[in-house]
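Numbering (the numbering used here), first residue to last: 1046 to 1336.
So this is what it looks like as structure tokens:
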């Protein structure tokens, strides 16, 4: 009896659905704080969201599509008189493009982001693992090797531009060690990072091939003993300092008319030191031609 009285009292005290809806602010009356004015007169270069993951499709040189997961960073420029940006719109743009996010739609997504957030400039980074099926050099055994790829998009005044960054793991063998040692030479795994702005279409595999061709030796996911012998001796016959690696790669990038600008970096994770060796070359062909 007591519990029945309590339930009856609670029901009487609770507002009716009609009353509850009257107390809830409508969409039209809710304040839009982000769109309010700001009096500090300081513009923000980039504001947005970081590290949001979404599925993407990447077409490889063989004509197949790789289904992978990319991590996105999305930013826009915020004028000095706006208090904040609409963070939810970044997520909405990704979800609207989700079934078709690819290289082809990347620039469209850039333009849409700038338009929907009413910004004069926008920036998107899309980072994902890219896989290549590689054949061992002697036995031909197949295995996958992954590469870290990032598409970097910029849009300013409605004009988009796209850069591609690829991190290529390779083997480097020290020329000095080979020269001064009675036998053997120290070698290490290295990361060569190439960032290019292109004038025309470029396969990811083309950029990776270019880098691997200038290393002491490329890497493979799976090697048999005959393959291991080959890559060991191949690296020994092709010693490279970090300086050699970036210069040789830059030379090939200079010759490619599809490359408008580039940054090439090489980092050797030294096997006989507790530090890395590093070198970098940067060139903007378009800026040189304009100047």
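For glycine and all other residues, C-beta sits at the position ideal for the given N, C-alpha and C.
Member of 1211, 1220, 1173, 1155 whose CA lies at the smallest distance from the CA of residue 1202: 1155
For the structure I just gave you, are there three or more beta carbon pairs, one from the stretch 1137-1148 and one from the stretch 1223-1243, closer than 8 Å? no
DSSP beta-bridge partners for residue 1167? 1121, 1200
Going by beta carbon distance, what residues of the same chain come within less than 6 Å of residue 1334, once the five residues before and after it are set aside? none
Under the three-state reduction of DSSP, which class applies to residue 1315: helix, strand or coil? coil
Which residues DSSP lists as bridging residue 1328, in chain order: 1307
Limits of the alpha helix (DSSP H) - the one that residue 1293 falls within: 1287-1300
Separation of residue 1257 from residue 1298, as counted between CA atoms: 13 Å
Which residues does DSSP list as the beta-bridge partners of residue 1192? 1175
Quick one: what does DSSP say residue 1323 is sitting in, helix, strand or coil? strand
Excluding the 5 residues flanking residue 1323 on each side, which residues of the same chain have their C-beta closer than 8 Å to its C-beta? 1287, 1310, 1311, 1312, 1313
How many angstroms separate the CA atom of residue 1085 from the CA atom of residue 1167? 22 Å
Per-residue burial, residue 1213 [other beta carbons within 10 Å of its own, 16 or more giving buried]: buried
At a threshold of 8 Å, does residue 1329 count as lining the ligand SAH (C-beta to nearest heavy atom)? No copy of the ligand SAH occurs in the structure displayed, which carries no ligand at all.
Can we say the stretch 1190-1210 touches the stretch 1124-1139, given the rule of at least three CB pairs closer than 8 Å? no
Can you check whether the CB of residue 1269 is closer than 9 Å to the CB of residue 1186? yes
Would you grab the beta carbon distance between residue 1152 and residue 1220 for me? Rounded to a whole angstrom, and I think it's under 8 Å. No, residue 1152 and residue 1220 are not in contact; Cβ-Cβ is about 43 Å, not under 8 Å.
Own chain partners of residue 1315 with C-beta closer than 7 Å, once the 5 adjacent residues on each side are dropped: 1233, 1321, 1322
First and last residue of the uninterrupted beta strand (DSSP E) at residue 1096: 1089-1104
Residue 1294 and residue 1259 closer than 9 Å at C-beta: yes
Beta-carbon contacts of residue 1326 that lie in its chain and below 6 Å, excluding the five residues immediately before and after: 1291, 1295, 1309
Please state if the CB of residue 1197 and the CB of residue 1243 are separated by a distance shorter than 9 Å. no
Just to confirm, are residue 1093 and residue 1114 a CB contact at a threshold of 9 Å? no
In whole angstroms, what separates the C-alpha of residue 1054 from that of residue 1128? Unreliable positioning characterises residue 1054 in this predicted model, as indicated by a pLDDT of 43, which lies under 50. A coordinate reading is not provided.
What is the DSSP secondary structure of residue 1252, counted as helix, strand or coil? helix
According to DSSP, residues forming a beta bridge with residue 1187: 1180
For residue 1172 and residue 1227, what's the separation of their Cα atoms in angstroms? 44 Å
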